[in-house]
Structure formats: C-alpha cells, structure tokens
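K.L.:
Supplied in structure tokens, the structure appears directly below.
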Amino acid sequence: MYFVILSVIIVAFFFIPSGLRSSLLFAVKKWLRFLEDKCYAYQFYKVPEFNQYMQENQLYRKVSTYLSSLSAIEDSDFTNLFSGNKLNEINVVLDSNQVVVDDFLGARVSWANEENERTGLKSLVLKIRRIDKRRILRSYLQHILSVFDEIEQRRKELRLYVNIVERCGRWRSVALTHPATIDTVVMDSDLKSKIKSDLETFLKSKQYYHRLGRLWKRSYLLYGPSGTGKSTFVAGMAKFLGYDVYDIDLCRVSDDSDLKMLLLQTKSKSVIVIEDLDRHLLAKSTGPTLSGILNFMDGIFSCCGEERVMVFTMTTGKDQIDPTVLRPGRVDVHVHFPLCDFNAFKSLANTHLGLKDHKLFSHVEDIFQTGASLSPAEIGEIMISNRASPNRALKSELQAIEEIKREREAVRRRFGEELAQNTRECERLTRAKTQDQALRATTGQPHHAKTGNPRSSVFD
538 MYFVILSVII VAFFFIPSGL RSSLLFAVKK WLRFLEDKCY AYQFYKVPEF NQYMQENQLY
598 RKVSTYLSSL SAIEDSDFTN LFSGNKLNEI NVVLDSNQVV VDDFLGARVS WANEENERTG
658 LKSLVLKIRR IDKRRILRSY LQHILSVFDE IEQRRKELRL YVNIVERCGR WRSVALTHPA
718 TIDTVVMDSD LKSKIKSDLE TFLKSKQYYH RLGRLWKRSY LLYGPSGTGK STFVAGMAKF
778 LGYDVYDIDL CRVSDDSDLK MLLLQTKSKS VIVIEDLDRH LLAKSTGPTL SGILNFMDGI
838 FSCCGEERVM VFTMTTGKDQ IDPTVLRPGR VDVHVHFPLC DFNAFKSLAN THLGLKDHKL
898 FSHVEDIFQT GASLSPAEIG EIMISNRASP NRALKSELQA IEEIKREREA VRRRFGEELA
958 QNTRECERLT RAKTQDQALR ATTGQPHHAK TGNPRSSVFD
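Using my numbering, the first residue of the sequence shown is number 538, and each one after it goes up by one.
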C-alpha cells in the first residue's frame with residue numbers, strides 16, 4: 538500500500554511544472570535541514586568579533602580572511618565586493634546572515650555570518666556534523682590558521698586605524714601606503730642612527746623586559762613646530778618596525794573610560810599615536826582628563842598588550858605642559874624636530890633637486906646664520922614646485938627666507954619699541970614713587986599728582 542502511494546507521488550512529481558518542482562524541492566530540503574537541526578545532527582561553534590572584554594577577537598579576523606579566500610563564497614546569495622590593494626584585485630566578503638560551505642577531509646561544514654540587530658555585534662558560526670567533529674575539528678581550525686598565515690605573508694600590508702564614534706567596533710582601518718621611511722625624514726644623521734638602533738634593540742628585548750618585570754613597550758615624544766616631519770617620522774617608524782598604526786583623535790574620545798576601551802581594542806605589534814597632545818592638555822576641552830591620559834600612558838590598562846610603541850607629538854615646547862606627563866617611565870625617548878638649518882637645507886636640495894652644491898648655497902647659508910628659517914615642509918614644497926629649474930628653486934627659497942627674516946625683524950622692532958615704552962613708563966612711575974616716599978619722610982605729606990587733586994597719589 539505504502540509502495541503504491543509512494544509510486545503515485547513520484548510519478549505525479551514529474552508531471553508538475555519545473556518551476557513549481559524546484560520550489561517543492563527547496564521546501565523539502567529546508568524541512569529536512571530543520572529536522573536534522575532539531576535532532577542534534579549538527580554542532581555549532583560561534584566566533585564573535587569581540588571577546589567579553591570588548592577586545593578584538595583575532596580568530597574572527599583570521600576566519601573572515603580565510604572565508605574570503607574560498608571560491609565557494611561566490612555561490613552565496615549575497616556577498617560584498619571591495620577593491621583590493623593590488624591593481625585589478627577584487628575582494629569578496631560574506632554579507633550579514635549569509636552562509637558559505639567548505640569541504641575538509643571529506644566532511645562538509647558551513648559558516649554563517651550573523652549580526653545582532655540590537656547591538657550590531659557580528660559573529661561567524663561554524664556548523665559541523667557531530668560525527669565529523671572529533672575527526673576534523675582541530676585539524677580544520679589549524680588549517681584555517683595556516684591558510685591565513687600564507688595570505689598575510691603574501692599581503693604584507695600595514696594598516697592605519699582611526700577611532701570612530703560607534704556603539705561597537707571603535708576602530709576602522711585603511712591600508713598604510715605612506716611611502717616615507719626613517720631614512721627619508723629630514724633629521725640629523727647621528728640622531729637618526731640612534732633612533733634606529735633604539736628601535737632595533739627594542740625588537741630584540743622581550744626577555745630582557747620580562748626579566749626586569751617591565752611591560753615590553755617603548756614610548757616616544759616628538760616635539761617641534763608644524764611641518765618639521767613628526768607625522769612622516771611616525772609612518773617611517775611603523776614601516777621600520779613592520780607595525781600597524783593606531784591614530785587616536787582625542788576630539789572623538791568622550792571620556793577616560795572611552796579612552797581605555799580604545800586601548801583595549803588595539804593589538805600587539807602596533808604603533809599607538811596621539812598627535813598634538815599639548816593642544817588637548819592646554820585647551821582644557823571636554824574629553825579625557827589629565828589623569829585619564831596619564832593612566833593611558835603607563836597605568837594598569839596600558840598593560841593589556843605588549844610589543845607596542847606609543848608616540849606622542851607636540852608643537853609647543855616641553856615646558857608648556859605639566860612635567861608629570863613627560864616624566865621618565867611615561868616617555869622613554871624625547872626627539873626634537875626643529876626648523877631647517879643649513880645642513881637640513883642641503884639634504885633637501887640633494888633629495889628634491891639633485892643638487893650637492895650650488896653657487897647660491899653661500900647666500901642661503903648666510904641667511905640661515907641670521908636665525909631666519911622655514912620648516913622642512915615649506916622648503917620641500919618650494920623645491921617640488923620648481924623642480925624643473927633648480928636655479929629658480931633656490932632663488933625662490935632665498936626670497937621666502939628673506940621674507941621670513943623681514944617679518945621677524947619687524948616683529949622684533951615692534952616688540953623693542955613696546956618694551957622701550959614700557960620701560961620708560963616703569964621708570965617714570967618708579968621716580969614718582971621715590972619722590973612721594975621722600976616727601977612723606979621730610980614733610981609727612983604725600984606728593985600730589987599733576988592734576989592738583991590733593992587726595993590723589995601715583996600709588997594708592
């Protein structure tokens with residue numbers, strides 16, 4: 538009886554239109570999948586984007602990179618397409634609530650990209666048959682890590698992270714493609730060699746730091762006027778170390794707790810940068826307090842990761858801010874970025890114009906000796922604009938530096954006149970006070986002012 542009914546159903550199935558037949562097959566498959574799930578034929582493993590402390594889960598990033606490398610991801614209903622770093626490269630990324638299937642050692646597994654609608658937190662969920670779990674799970678996860686390492690080796694791409702204001706995932710990144718290196722930064726050659734040596738020593742000092750009971754990190758203060766190469770030096774430092782860069786904009790940090798959370802979501806092998814620290818401290822604006830910044834620099838929360846280099850930049854002098862900010866232990870190395878001197882100018886002329894010597898160099902040197910100068914950025918821009926004619930470039934440099942010299946002399950004269958006027962006024966008031974005191978001593982009466990008011994005096 539059952540055989541007859543089944544035969545009738547099969548025969549009738551082939552008489553159903555193909556479109557309806559496909560829909561029925563899809564519904565039956567979905568129903569069978571539902572029954573399998575309800576009967577616990579599968580086991581699920583969730584890989585969240587962040588751990589319980591809201592730190593980035595490195596495994597999530599590795600699995601996501603692995604899934605993007607699978608050819609099967611193109612069979613998903615919805616995927617995201619992004620341009621890659623290489624020419625004509627396209628990256629395929631699984632969209633939210635989509636599934637990709639993978640095969641490993643004869644077993645079929647699937648990954649679902651889930652997103653919590655309320656919190657916006659993402660997770661990758663592995664679905665694997667229970668009968669395959671003991672046989673392939675650990676080796677499959679190791680396979681994912683191995684493929685990720687191979688992909689990272691091929692990419693060798695540094696990332697620049699910037700903080701944003703969102704309910705989750707406070708960092709967004711782009712490729713760090715800045716062409717600068719430490720060698721291209723305009724800086725005294727001896728100082729440059731010392732910094733490179735210091736960084737190389739840091740990279741090899743993990744055991745030494747641990748033996749001392751210290752966290753394996755290093756901190757730098759870069760200070761000097763705008764345009765002297767501080768930001769360029771940070772990019773060169775990151776390339777030298779092979780570290781990603783986390784650039785913290787304090788204007789986007791609401792309070793001390795927010796700053797701590799940003800630090801928790803950074804990873805090891807990174808350069809953490811706070812630019813224009815002095816501007817934030819002197820402005821007394823909303824955001825992190827001085828105490829919060831000090832804790833960020835060397836407090837207990839700074840111990841949440843190792844192999845980091847912290848960099849702070851300032852445009853004012855070190856004496857303008859609280860000395861506790863820069864005490865030893867918080868900042869290990871202080872690097873001054875001054876305006877150009879003649880040696881720096883010759884270095885720029887060599888790199889930008891291909892000039893090692895020129896008849897106008899003596900005139901440039903004479904002007905530099907008067908104290909006039911420009912920043913490396915200003916001098917470099919003039920050279921770039923006139924690179925087709927080195928002679929015109931040097932003449933333009935002379936004009937620009939002469940203009941700066943005249944402006945400074947005008948300011949100096951104006952300041953001198955104001956100072957002389959103030960000095961004369963102070964001398965007049967001092968003489969008047971002396972006369973008043975002498976009159977009091979001889980007659981017992983105060984010296985009257987020129988207004989004739991018998992009750993007034995120069996000093997009340």
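A virtual CB, placed ideally from N, CA and C, is assigned to each residue, including glycine.
For residue 711, which residues does DSSP report across the bridge?
P.N.:
Paired residues: 697.
K.L.:
Measuring alpha carbon to alpha carbon, tell me which of 680, 603, 598 ends up nearest residue 660.
P.N.:
For the residues 680, 603, 598, the minimum Cα distance to residue 660 belongs to 598.
K.L.:
For residue 919, count the other beta carbons within 10 Å of its own beta carbon; 16 or more makes it buried, fewer makes it exposed. Which is it?
P.N.:
buried
K.L.:
Buried or exposed: where does residue 646 fall if 16 or more other Cβ atoms within 10 Å of its Cβ makes it buried?
P.N.:
buried
K.L.:
On a CA-only basis, which of 588, 772, 630, 826 is nearest residue 715? Give me that one, please.
P.N.:
772
K.L.:
Since residue 663 and residue 637 should fall inside the 8 Å C-beta cutoff, what is the C-beta to C-beta distance between them, to a whole number of angstroms?
P.N.:
At roughly 11 Å, the Cβ-Cβ gap does not stay under 8 Å, so residue 663 and residue 637 are not in contact.
K.L.:
Nearest to residue 894 by CA position, among 905, 904, 882, is which residue?
P.N.:
882
K.L.:
Determine the contact status of residue 781 and residue 696, defining contact as a CB-CB distance below 9 Å.
P.N.:
Yes, these two residues count as a Cβ contact at 9 Å.
K.L.:
According to DSSP, which residues form a beta bridge with residue 871?
P.N.:
Residue 871 is bridged to 758.
K.L.:
Taking Cβ positions only, does residue 878 come closer than 9 Å to chain C?
P.N.:
Among the chains of the structure shown, chain C does not appear; only one protein chain is present.
K.L.:
Quick check on this structure: which residue in 587, 832, 725, 768 has the alpha carbon closest to the alpha carbon of residue 914?
P.N.:
Closest option to residue 914, Cα to Cα, is 768.
K.L.:
For residue 566 and residue 578, what's the separation of their Cα atoms in angstroms?
P.N.:
When rounded, the separation of the alpha-carbon atoms in residue 566 and residue 578 is 15 Å.
K.L.:
Need the endpoints of the beta strand (DSSP E) that residue 797 sits in, please.
P.N.:
Unbroken run through residue 797 is the alpha helix (DSSP H), 793 to 801; no beta strand (DSSP E).
K.L.:
Should residue 811 and residue 862 be called a contact, given that it needs their Cβ atoms to be closer than 9 Å?
P.N.:
no
K.L.:
Do the stretch 900 to 915 and the stretch 869 to 884 make contact, defined as three or more Cβ pairs closer than 8 Å?
P.N.:
The stretch 900 to 915 makes contact with the stretch 869 to 884: 3 or more CB pairs, one atom from each, lie closer than 8 Å.
K.L.:
My guess is that residue 650 and residue 634 are in contact by the Cβ rule of under 8 Å, so how many angstroms apart are they, rounded?
P.N.:
7 Å
K.L.:
Pull up the CB-CB distance for residue 873 and residue 761, whole angstroms please, since I reckon it's below 8 Å.
P.N.:
Contact check for residue 873 and residue 761: beta-carbon distance about 6 Å, within the 8 Å limit, so the pair qualifies.
K.L.:
Give me the DSSP bridge partner(s) of residue 663.
P.N.:
582, 648
K.L.:
With a CB to CB cut of under 7 Å and the five nearest residues on each side skipped, what residues in its chain are close to residue 591?
P.N.:
798, 801, 802
K.L.:
Note down, one range per segment and in chain order, each beta strand (DSSP E) of at least 3 residues found wholly within the stretch 719 to 750.
P.N.:
none
K.L.:
Have a look at residue 616 and residue 640 and give me their C-alpha separation to the nearest angstrom.
P.N.:
So the two alpha carbons sit approximately 20 Å from each other.
K.L.:
Contact defined as beta carbons within less than 8 Å: I believe residue 777 pairs with residue 718. What is the distance between those atoms, to the nearest angstrom?
P.N.:
7 Å
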